[in-house]
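For what it's worth, the working numbering labels the leading residue of the sequence shown as 202, then goes sequentially.
We put the beta carbon where it would ideally sit given N, CA and C, even for glycine.
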Amino acid sequence: MVGRSAFAFCRAFRLHRRKDGGAFRNQLLERAILALNILLTGASGFLGSALALHWLKAGHQVALLLRPGSQLHRLSGLDPSFNIGRYTTDAEVYAFIKKTQPEIVVHTACSYGRQGETNLQVFDTNLRFGVVITQALQQSTLPVTFINTGSALAPEVSVYALSKHQFAGWGRMLPLQSGGQLKFVNVLLQHMYGPNDDASKFTTHVLNACQRNDPLLKLTAGEQARDLIYIDDVVHAYDTLLKKRHQLDATQDIDVGSGVATTIREFVETAHRLTASQTELHFGALPYRPNEVMHCQANTDRIRQLGWQPAFDLEAGLQKTIELEFNT
Numbered sequence: 202m203v204g205r206s207a208f209a210f211c212r213a214f215r216l217h218r219r220k221d222g223g224a225f226r227n228q229l230l231e232r233a234i235l236a237l238n239i240l241l242t243g244a245s246g247f248l249g250s251a252l253a254l255h256w257l258k259a260g261h262q263v264a265l266l267l268r269p270g271s272q273l274h275r276l277s278g279l280d281p282s283f284n285i286g287r288y289t290t291d292a293e294v295y296a297f298i299k300k301t302q303p304e305i306v307v308h309t310a311c312s313y314g315r316q317g318e319t320n321l322q323v324f325d326t327n328l329r330f331g332v333v334i335t336q337a338l339q340q341s342t343l344p345v346t347f348i349n350t351g352s353a354l355a356p357e358v359s360v361y362a363l364s365k366h367q368f369a370g371w372g373r374m375l376p377l378q379s380g381g382q383l384k385f386v387n388v389l390l391q392h393m394y395g396p397n398d399d400a401s402k403f404t405t406h407v408l409n410a411c412q413r414n415d416p417l418l419k420l421t422a423g424e425q426a427r428d429l430i431y432i433d434d435v436v437h438a439y440d441t442l443l444k445k446r447h448q449l450d451a452t453q454d455i456d457v458g459s460g461v462a463t464t465i466r467e468f469v470e471t472a473h474r475l476t477a478s479q480t481e482l483h484f485g486a487l488p489y490r491p492n493e494v495m496h497c498q499a500n501t502d503r504i505r506q507l508g509w510q511p512a513f514d515l516e517a518g519l520q521k522t523i524e525l526e527f528n529t
């Protein structure tokens with residue numbers, strides 16, 4: 202780990218010599234010493250791009266592992282700031298991990314199955330890709346913490362949820378297979394939202410319809426409850442896990458959510474009010490989906506013990522989303 206920080210330390214020291222003031226020197230050297238070598242998957246997505254930007258700003262070395270077709274529009278103009286590896290084969294994944302030697306792997310790449318993907322494609326993204334990464338990490342000679350983005354949904358809800366739970370099962374074998382060198386932290390992530398989210402998400406769909414003043418928005422009865430968490434709070438939760446990783450068990454599931462269960466009806470009505478929308482809301486026009494989950498709520502005790510707490514309630518999160526998405 203010392204070797205990985207040496208380059209950043211020396212670079213900071215050279216920069217320091219061009220500046221005056223002991224305070225600046227101390228801050229710069231401290232930042233260089235604390236810089237981490239992070240490998241991030243899924244950086245083209247909503248969560249992955251937000252994490253990449255946050256950790257780049259914090260001074261960490263961030264490597265991005267991407268498929269050839271992954272677009273980095275959310276990181277537009279910042280591509281040269283990252284070490285980017287694109288893969289089409291397992292061998293290319295192995296080579297990039299060997300080259301970057303990460304201290305921490307944050308795995309956010311996933312397929313929700315909402316774009317017409319086959320079950321095999323969902324399996325390949327959500328299970329097989331992760332296993333390839335963990336297999337490559339077993340060649341590392343230094344400790345590695347693997348922070349996985351899992352699902353809080355029960356496995357029988359969807360192919361997406363099933364594949365996420367299956368990979369978590371594989372991940373929990375890592376510490377034993379690696380002789381304790383690898384740690385596996387499984388984030389049970391609730392329903393995140395925020396500006397620049399995917400248009401296919403329900404929260405984004407509702408906000409866009411209300412903002413456009415669509416004549417009619419057909420909905421279910423809206424009695425199902427969801428734990429809705431603003432993207433900045435999610436990023437800070439992951440950052441907390443990164444900073445406090447030494448306090449975590451070799452394998453651990455950690456809930457990340459607001460800790461508050463909000464009905465879909467309450468979410469829609471709040472979005473409707475904050476956008477001053479004229480859209481007619483027709484609750485009960487649509488049936489519930491098969492296997493509809495009626496209550497989701499994170500137990501945030503563990504993440505709070507590590508020093509995290511949400512900064513946004515639903516109203517504040519929606520207000521900021523509307524401001525950044527529609528008013529800038």
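Practice problem: Tell me where the beta strand (DSSP E) around Lys365 begins and ends. | Solution: The continuous stretches of beta strand (DSSP E) do not include Lys365, which lies in the alpha helix (DSSP H) extending over residues 360–372.
Quiz prompt | CA nearest to the CA of Cys411, picked from Met393, Thr476, Lys402, Ile432 | solution = Nearest option by C-alpha distance: Thr476.
Self-check item: Beta carbon of Leu276 nearer than 8 Å to that of Ala244
Solution: It is a contact, given that the beta carbons lie within the stated cut-off.
Self-check item: Opening and closing residue of the alpha helix (DSSP H) in which Gly351 lies
Solution: Element bounds for Gly351: not the alpha helix (DSSP H) but the beta strand (DSSP E), 345–352.
Quiz item: Just the Cα atoms here: how many angstroms apart are Val469 and Arg413?
Solution: One C-alpha to the other measures close to 14 Å.
Quiz prompt | Local conformation of Leu519 per DSSP, three classes | solution = Taken through DSSP and simplified to helix, strand or coil, Leu519 comes out as helix.
Quiz prompt | Three CB pairs or more closer than 8 Å across the region 513–526 and the region 445–456 | solution = no
Exercise. Can you check DSSP and say which residues form a bridge with Gly286?
Key: Leu266.
Practice problem: Quick one: measure Cβ to Cβ for Asp434 and Ala512, integer angstroms, because I've assumed they're closer than 8 Å. | Solution: 6 Å
Quiz item: In whole angstroms, what separates the C-alpha of Leu507 from that of Ser352?
Solution: 21 Å
Quiz item: Rounded to whole angstroms, how far is the Cβ of Leu266 from the Cβ of Val307, which I believe are closer than 8 Å?
Solution: At roughly 10 Å, the Cβ-Cβ gap does not stay under 8 Å, so Leu266 and Val307 are not in contact.
Quiz item: With burial defined as no fewer than 16 other Cβ atoms inside 10 Å of the residue's Cβ, what is the status of Ser478: buried or exposed?
Solution: buried
Self-check item: Own chain, CB closer than 7 Å to Asp440, minus 5 neighbours either side, in chain order
Solution: His255
Quiz item: Around the C-beta of Asn349, are 16 or more other C-beta atoms found within 10 angstroms, so that it is buried, or is it exposed?
Solution: Asn349 is buried by the Cβ-count criterion.
Quiz item: Looking at the structure shown, is Thr404 part of a helix, part of a strand, or coil, going by DSSP?
Solution: Thr404 falls in the helix class under three-state DSSP.
Quiz item: By how many angstroms is the C-alpha of Gln382 removed from the C-alpha of His406?
Solution: 43 Å
Quiz prompt | Closest by C-alpha distance to Ser364, when choosing among Tyr288, Phe347, Asp428, Tyr313 | solution = Nearest of Tyr288, Phe347, Asp428, Tyr313 to Ser364, Cα basis: Tyr313.
Quiz item: Between the C-alpha atoms of Ser341 and Leu482, what's the straight-line distance to the nearest angstrom?
Solution: Those two C-alpha atoms are separated by around 54 Å.
Practice problem: Using only alpha-carbon positions, find the residue among Cys497, His447, Asn492, Gly485 that is nearest to Thr464. | Solution: Cys497
Quiz prompt | Leu418 versus Thr480: straight-line alpha-carbon distance, rounded | solution = 7 Å
Practice problem: On a CA-only basis, which of Ile239, Phe403, Val388, Thr242 is nearest Val457? Give me that one, please. | Solution: Answer by Cα proximity: Val388.
Quiz item: Short check: CB of Glu516 to CB of Pro396, under 8 Å?
Solution: no
Quiz prompt | Under the three-state DSSP convention, the category Thr301 falls into | solution = helix
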